[in-house]
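Take a look at the structure set out below.
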Amino acid sequence: MFNYSERLNTLMETVKRIYEENWGKYPPSHDFLHVKRVLVIAEKIAREEGLTEEDILILKTAVILHDIAIAVTGSKNNHAEKSSKIAEDMLRKLGYPSKAVEVICTAIAEHSWRVNRKPSSRISAILQDADRIDALGAIGLARLFSYSTILGRLFYNEEEPIPRSRQLNEDRYALDHVFTKLAKIPDRMNTASGRRIAENRLKLLLKILGYMEREIEGKM
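Numbering (the working numbering), first residue to last: 1082 to 1301.
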């Protein structure tokens, strides 16, 4: 019988080394710490949703490899599909069963928000949920500002930091991305557990934005 747990440890060390060797090449918002946080979220959701121990190990494998192309290439461009192909090569070399490789690589290919693919398995559904949840809450805001700096966005619109009456412009202002994408994440969850976590993290994120606005206005 294939030992998923043993192979998972080997894979974890291999992928960690890839991230370490390529540090500075990829955005900090998509570093190995992101991978580890998504692992924690994914396992939490998986256990609440009743996945088997074997499926949880398969899910963890998909999580570890879901952004591997970003670490290797330094780019998010078409990263889900590229990560899927890199993952397939790594998993076959490690002797993973063909059926598991197909499930894992398909889940990786489907995880991207931009691609907006419907999950074809519970593994894929939970990977999508966990990855998107990490974009919310306090960590999510830190990731947003980190990646926005790379994109050349200002933190916020000086006249109206929290957009209420003006037109959204996420290409120009980091905080606008909260309302063009992040606020929509809870409604895009695939699982009840994921939705609950996402809703709680969105509430925290919006609360932090309220404090930020007060600081900008000199009210605290």
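Positions of the beta carbon are idealized from the N, C-alpha and C atoms, including for glycine.
query                                                                                                           : result
Environment of Tyr1292 [buried if 16+ CB atoms lie within 10 Å]                                                 : exposed
Contact check, Lys1221 vs Arg1276, beta carbons under 8 Å                                                       : Reading the sequence as shown, one finds Gly at residue 1221 and not Lys. It is not a contact, given that the beta carbons lie outside the stated cut-off.
Completely contained alpha helix (DSSP H) runs for the stretch 1211-1259, where each covers 4 or more residues  : 1218-1232
Every unbroken alpha helix (DSSP H) within the stretch 1144-1177, with a cutoff of 4 residues, ordered by chain : 1149-1154, 1160-1174
For Val1096, three-class secondary structure by DSSP                                                            : helix
Whole-angstrom C-beta distance between Glu1241 and Arg1247, which should lie under 8 Å                          : 5 Å
Cβ pair count under 8 Å reaching 3, the stretch 1091-1099 against the stretch 1203-1220                         : no
C-alpha gap between Asn1238 and Ile1189, whole angstroms                                                        : 35 Å
Proximity to Arg1224 [Cα-Cα], best of His1111, Leu1092, Trp1194                                                 : His1111
Extent of the continuous alpha helix (DSSP H) run through Gly1291                                               : 1273-1297
Glu1134 in three-state terms, based on DSSP                                                                     : helix
Short Cβ contact (8 Å threshold) for Thr1272 with Ala1206                                                       : yes
Heavy atom of the ligand HEM within 7 Å of Gly1176 beta-carbon                                                  : Questions concerning the ligand HEM fall outside what the structure shown contains, since it holds no ligand whatsoever.
Supposed close pair Leu1092, Ile1145 - CB separation, criterion 8 Å                                             : 6 Å
Segment contact flag, the stretch 1186-1204 with the stretch 1124-1137, C-beta cutoff 8 Å, min 3 pairs          : yes
Own chain, CB closer than 8 Å to Leu1175, minus 5 neighbours either side, in chain order                        : Arg1088, Thr1091, Leu1092
Simplified DSSP state of Pro1200, which is helix, strand or coil                                                : coil
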